[in-house]
Amino acid sequence: KNQVEQSPQSLIILEGKNCTLQCNYTVSPFSNLRWYKQDTGRGPVSLTIMTFSENTKSNGRYTATLDADTKQSSLHITASQLSDSASYICVVSLISGGYQKVTFGTGTKLQVIP
Amino acid sequence: NAGVTQTPKFQVLKTGQSMTLQCAQDMNHEYMSWYRQDPGMGLRLIHYSVGAGITDQGEVPNGYNVSRSTTEDFPLRLLSAAPSQTSVYFCASSYRGSSYNEQFFGPGTRLTVL
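As you go down the protein sequences, you meet chains H and C in turn.
Heads up, the first sequence is in my numbering, so the first residue is 1138 and it goes up one at a time.
Heads up, the second sequence is in my numbering, so the first residue is 851 and it goes up one at a time.
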């Protein structure tokens, strides 16, 4: 079982609508959680990063929340645009003394239609 | 800045052939890594490097070799290609190896092994 589970696997919404993507993780001890956006045929691009002490972080129309007690995060997209069509990947990092130890979720594929 | 560049963008190999996937970054980042992305799975770490001359194995290193002779370049070599290595390969770099440092991804190489 993947230590980072995302839901739904895919989602279709109308342009202008809001949506919320979920990420549940079991990675422990937890260091930080990052959301990436991956356009088709491109590499992932970071949207937000949150440490265990932060419970919300915004980047324009993207707002990420984190509940470290329940090990859940969500990414809320407001007033969706066609350009929001992409996969959204949740990445959780372990506390480590040195280098990155990250676990990637499988992603939620979002399609925004006119 | 070009960021992280990868070549080729697409490649088809026959079983048993060898090849090198190229990766370069112009951001003077210490940390570089290679991932593979397969359908239904999160990105998985193949190899990483924390600086010129220093490399280490990730989660799925078998069948791949790396070297880091310069800060800028981090090539990935497939020694004897197998159909199980059909995947999309991403190179990434970050300022340091800490997970707090954003990883910048290249555009990917889509590899098919027949």
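Where a beta carbon is used, it is the ideal one built from N, C-alpha and C, also for glycine.
Check, Outcome
"Buried or exposed by the 16-neighbour rule on C-beta atoms within 10 Å, applied to Leu1170/H", "buried"
"Proximal residues of chain H, C-beta to C-beta of Gly958/C below 8 Å", "Gly1178, Arg1179 and Gly1180"
"Local conformation of Ser1147/H per DSSP, three classes", "strand"
"Three-state secondary structure (DSSP) of Gln1218/H", "coil"
"Ser917/C (DSSP reduced to helix, strand or coil)", "coil"
"Per DSSP, the bridge partner or partners of Gly901/C", "Ile904/C"
"Residues that Gly1242/H contacts on chain C, provided the C-beta gap is smaller than 9 Å", "Gly892"
"Distance CB(Gly943/C)-CB(Asp888/C) smaller than 8 Å", "Before going further, note that residue 943/C is Ser rather than Gly in the sequence given. Their beta carbons are not under 8 Å apart, which means Ser943/C does not touch Asp888/C by this criterion."
"Near-chain C residues of the segment 1178-1205 of chain H (beta-carbon distance less than 9 Å), N- to C-terminal order", "Gly1178, Arg1179, Gly1180, Pro1181, Val1182, Ser1183, Ile1186 and Thr1188"
"Ser934/C CB to nearest heavy atom of the ligand ATP below 7 Å", "Within the structure as shown, the ligand ATP is missing, as the structure has no ligands at all."
"Met877/C - containing beta strand (DSSP E), residue span", "Met877/C -> no beta strand (DSSP E), and no H or E assigned at all."
"Beta-carbon proximity of Leu926/C to Trp884/C, cut-off 8 Å", "yes"
"Chain-ordered neighbours of Val1164/H on chain C, where CB pairs are closer than 9 Å", "Within 9 Å Cβ-Cβ: nothing; Val1164/H doesn't reach chain C, min ~11 Å."
"Under the three-state DSSP convention, the category Ser934/C falls into", "helix"
"Residues that Ser1230/H contacts on chain C, provided the C-beta gap is smaller than 7 Å", "Ser949"
"Test: Asn1169/H CB closer than 8 Å to a CB of chain C", "yes"
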